[in-house]
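Remarks on the structure that follows.
Number of protein chains: 2
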Amino acid sequence: MNNQNNGHQAGNGKKTLTPVSKLGEFGLINHLTHNLKLQNASSIKGIGDDAAVIDNRGKLTIVTTDMLVEGIHFDFMYTPMMHLGYKSVVVNLSDIYAMNATPKQITMAVAISSRFTVEAMEEFYAGVEKACNYYKVDLVGGDTTSSRKGMIICVTALGEAQPADIVYRNTAQEHDYICVSGDLGGAYLGLQILEREKKLYLEDPDIQPDLETNAYVVGRQLKPEARNDIADILKSLGIKPTAMIDVSDGLSSDLLHICTQSGLGCRIFEENIPMHPQSVEAAQMFNLPPLTCALNGGEDYELLFTVKPSDIEKLEGIHGIAVIGRMTPAAEGAKLFTTGGQTHRLVAQGWQHL
Amino acid sequence: MNNQNNGHQAGNGKKTLTPVSKLGEFGLINHLTHNLKLQNASSIKGIGDDAAVIDNRGKLTIVTTDMLVEGIHFDFMYTPMMHLGYKSVVVNLSDIYAMNATPKQITMAVAISSRFTVEAMEEFYAGVEKACNYYKVDLVGGDTTSSRKGMIICVTALGEAQPADIVYRNTAQEHDYICVSGDLGGAYLGLQILEREKKLYLEDPDIQPDLETNAYVVGRQLKPEARNDIADILKSLGIKPTAMIDVSDGLSSDLLHICTQSGLGCRIFEENIPMHPQSVEAAQMFNLPPLTCALNGGEDYELLFTVKPSDIEKLEGIHGIAVIGRMTPAAEGAKLFTTGGQTHRLVAQGWQHL
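Heads up: the sequence lines are chains A and B, in that order.
Counting from 1, one number per residue, gives the positions in the first sequence under the numbering used here.
Counting from 1001, one number per residue, gives the positions in the second sequence under the numbering used here.
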């Protein structure tokens, strides 16, 4: 637990903290961004003018926006500032990768109330910078402003792609195989652990949180990564997905987007849905069916995609990509076949027995 | 005054209102955006996938982001939802025009608390659509999410420009003339009127607001327009500005951005600073020096730009563009000469006597 319900202290809390008001809006932006170096040739002009300038040299521009709100999407009781900065970037890049494109730039708008300190914002931007460096994207613009309450973050990510490379959600074909990267449900279970530890902490602030035995799932929640490797893996195998989406709302919701937009149904098989052993363990600890966590957990930021039947052999033996089912005619609906032999209808949140 | 401190009622309030929760996030986005038509050939893919896709056909991409927060940037006591939607778009487009570029797309992220109704959001998006239609930009993506309190709006605008057309802030030259479009101070004085009427209303809700005698300045505050005409006017005169910025923070602040970033000073003359008669009148009513309102008011969304000395003759007799001063060496500082013969130093907020 961070013992900083309203302080957002940097480090051990012994440093002198600086109210943001001391720097003002321009001062704060300048303070936080003056060391930023642009990494991409396409970033012609970054922070410092009315707008940023980008040169994609004939490629298409891909753009996506996400907003994160304190108390809705994150809780400072267990979210360190640096992780929050990192995650704010990652969740947006994930959308760019889900288009089979390469992220190149982000803009970052942040509203904060007067309780935030310059040091807390430094930590936040350190996380933003870490993500930018890791994923090789440039922070090229933004806005820092006041809020009446809490912190609100809005990131827009821009990427580029050759027209022929882009993969949409609405282009899956009947008989296509459904694949997913990595494993599912972990981020949701990490959140359950953090919420439990928060509750225990609020009851007894002297208690030490036990996060280490669940390090994997907690990490999935606090420091997710975007799948920047899948496009290269598939390209090296000579596969272009027929449709793709990132798993942000949960496998059910996101697969249903592909189904609805492609005008198809699907069948997926419980036994093929990838889960980490620690996710299964954590689910059992909370008396939750692991499958439900995988289907509806969300925030896994894995890639869910479909491939042509003729491509499926190429995926054999490829570690970290699971083939979980196939696309079917719309009339067949979206169905889940359990290991126990039952058939369920997939619904956007949760699943119903047929 | 809107008699809707927390209801955000659409129309006359007699309609049945629908809580946003009834539609859910996807339902609301779909409900609000399903009629949107893409207008620009460069908008390859709009709302409905992980990200939007844009084809600028070799031109550069210009991008800017702004966040508007209820209680900080707008007040529902006097801001109709439709105007808010319109203004949210306009303030971002203004930044694109300030780069001498043409806006083409926007993304819109909105966080709202549970007190907002579907009808209120329809009004808001009607305003967004009006602005999109008027300025010929496409809403290509976004995010709608919950807030714990109030409404937060984050707009990212994308534009395009030929590389040679882009005008930055840091490229003014010594001796260049300083020009500004339209008139200044009006938006700030409109805000003072609205704040006064709000106060009167809170003291006596039966009182009828008197906004009509100040329609111009109130309009400047509630329904600003971005100067989409200046680029064409200058082009037709054969002028490319040497530096440009939009007046969002106030003439002083924004001119100082040009000075600092260009490594220059400036001298401007009170007698040349354009104000609308109603702005002067309103300033006098509030016992404010009109000049202060013009220098520091902000939110006028006019364009402030510099032109080469050899271009200045071309501007003679051009209505709506005022030549207010010249760029000087940095050592001379940024100075204002008043009609009374005094010299002041321009500072970012307000001005100090020398």
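We treat Cβ as the ideally placed atom computed from N, Cα and C, and that holds for glycine.
All values derive from a computational prediction rather than experimental measurement.
- Here the alpha carbon of ARG267 of chain A sits roughly 10 Å from the alpha carbon of HIS175 of chain A.
- Residues of chain A whose Cβ lies closer than 8 Å to the Cβ of TYR1168 of chain B are, in chain order, LYS45 and ASP49.
- Taking a contact as a CB-CB distance under 8 Å, the pair ILE1054 of chain B and ILE1044 of chain B counts as one, their CB atoms being some 6 Å apart.
- Here DSSP, grouped into helix, strand and coil, assigns ASP1311 of chain B to helix.
- Sequence-ordered contacts of the segment 1107-1126 of chain B with chain A read THR1107, MET1108, ALA1109, VAL1110 and ALA1111 [C-beta pairs closer than 8 Å].
- For SER147 of chain A, at least one C-beta of chain B is nearer than 8 Å to its own C-beta.
- Unbroken alpha helix (DSSP H) stretches of 4 residues or longer found wholly inside the segment 232-291 of chain A: 251-262 and 277-285, given in chain order.
- Nearest in C-alpha terms to GLU302 of chain A, of all of A:LEU346, A:HIS83, A:VAL167 and A:ASP254, is A:ASP254.
- Residue state for GLU1160 of chain B is assigned as strand, using DSSP reduced to three classes.
- Under DSSP, SER181 of chain A shares a beta bridge with A:ILE321.
- The C-beta of ASP1176 of chain B comes no closer than 8 Å to any C-beta of chain A.
- Among the residues of the segment 61-85 of chain A, those with a Cβ less than 7 Å away from any Cβ of chain B are THR61, ILE62, VAL63, THR64, THR65, ASP66, MET67, VAL69, GLY71 and ILE72, in the order of the chain.
- In the DSSP assignment, ASP1143 of chain B falls within the beta strand (DSSP E) that extends over 1138-1146.
- Nearest CB-CB separation between ALA52 of chain A and chain B: below the 8 Å threshold.
- Sorting A:PHE76, A:ILE321, A:GLY320 and A:THR260 by C-alpha distance to the C-alpha of ALA120 of chain A places A:PHE76 at the top.
- Residue-level contact check: THR306 of chain A does not touch chain B, since none of the beta carbons of chain B fall below 8 Å from its beta carbon.
- Within the segment 1170-1231 of chain B, the complete beta strand (DSSP E) segments at least 3 residues long are 1177-1181, listed from N- to C-terminus.
- Around the beta-carbon of THR1213 of chain B, fewer than 16 other beta-carbon atoms lie within 10 Å, marking it exposed.
- Counted as a single uninterrupted DSSP element, the alpha helix (DSSP H) harbouring PHE1124 of chain B occupies residues 1118-1135.
- Distance from the CA atom of ALA283 of chain A to the CA atom of VAL217 of chain A, rounded to whole angstroms, is 10 Å.
- In the assembly as shown, ALA1243 of chain B is a buried residue. Its beta-carbon has 16 or more other beta-carbons within 10 Å.
- The Cβ neighbour count for THR1064 of chain B, taken over all protein chains shown within 10 Å, is at least 16; the residue is labelled buried.
- Contact between GLY298 of chain A and SER248 of chain A is confirmed by a C-beta separation of about 6 Å, below the 8 Å threshold.
- Contact between ALA52 of chain A and GLY141 of chain A holds: CB atoms are separated by about 4 Å, below the 8 Å threshold.
- Contact annotation for ILE96 of chain A against chain B: ASP1050 and ALA1051 [CB-CB distance below 9 Å, chain order].
- The secondary-structure analysis by DSSP pairs PHE1076 of chain B with nothing; it has no beta-bridge partner.
- Rounded to whole angstroms, the Cβ separation of ARG1169 of chain B and ILE1239 of chain B is 17 Å, and the two are not in contact under 8 Å.
- Interface criterion met: the Cβ of MET1099 of chain B is under 8 Å from a Cβ in chain A.
- Of B:SER1262, B:PHE1305, B:ILE1072 and B:LEU1028, the smallest CA-CA separation from GLN1173 of chain B is found for B:SER1262.
- Between LEU1291 of chain B and the set B:LYS1022, B:GLY1058, B:ILE1312 and B:GLN1349, the nearest pair of CA atoms involves B:GLN1349.
- VAL1020 of chain B: not part of any alpha helix (DSSP H); DSSP gives it neither H nor E.
- Judged by their CB atoms, VAL1110 of chain B and ILE1153 of chain B are nearer to each other than the 8 Å cut-off.
- LEU84 of chain A and GLN1342 of chain B have their alpha carbons spaced roughly 51 Å apart.
- By the C-beta density criterion, ALA164 of chain A is exposed, having fewer than 16 other C-beta atoms within 10 angstroms.
- At a Cβ-Cβ threshold of 8 Å, TYR1097 of chain B and ARG1227 of chain B count as neighbours.
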